[in-house]
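Undergrad: Residue numbers for the sequence shown follow my numbering, beginning at 82 and rising by one. Below is the structure I would like to discuss, written out as structure tokens.
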Amino acid sequence: MTKEDRDRAQARLDKTTRAAQDARSGKADRDAASRAMLDNMAKLKALRLAREAAAPPAPVKAKKAAAKSKQPTEKRPTPALGDWLASQQSGGRRT
82 MTKEDRDRAQ
92 ARLDKTTRAA
102 QDARSGKADR
112 DAASRAMLDN
122 MAKLKALRLA
132 REAAAPPAPV
142 KAKKAAAKSK
152 QPTEKRPTPA
162 LGDWLASQQS
172 GGRRT
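This is the structure we're talking about:
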């Protein structure tokens, strides 16, 4: 084995060792961030529940009925499917 081969093998070993260490430290960082986020969510939930217990939300007022229009809407009966298809074909549409 030549010196060049040994150097390449050592570089490869160093690279894999470094990658494994980075993965371990990255996982620890992600775990810490996740733990901090969950702790913050728990704190905020406790604060919200305490605020709601101290002052319950005001009851929702009933919505007023929509103002009726002066003219009643005219409801036309919908055409039968056969009539609609015929009107579409006479209008130049392919159905």
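Backbone N, C-alpha and C fix where the C-beta goes; we use that ideal spot for every residue, glycine too.
Among residues of its own chain, excluding the 5 on either side of G173, which ones have a beta-carbon nearer than 7 Å to its beta-carbon?
TA: For the purposes of this step, residue 173 is taken as residue 92 along the sequence shown, with counting starting at 1. Hits under 7 Å: none found.
Undergrad: Would you mind reading off the limits of the alpha helix (DSSP H) that contains T83?
TA: Here the question's residue 83 lines up with position 2 in the sequence shown. Careful: T83 lies outside any alpha helix (DSSP H) and carries neither H nor E.
Undergrad: Taking DSSP as the reference, what is the three-state secondary structure of E155?
TA: Along the sequence shown, one-based indexing puts residue 155 at 74. Three-state result, E155: coil.
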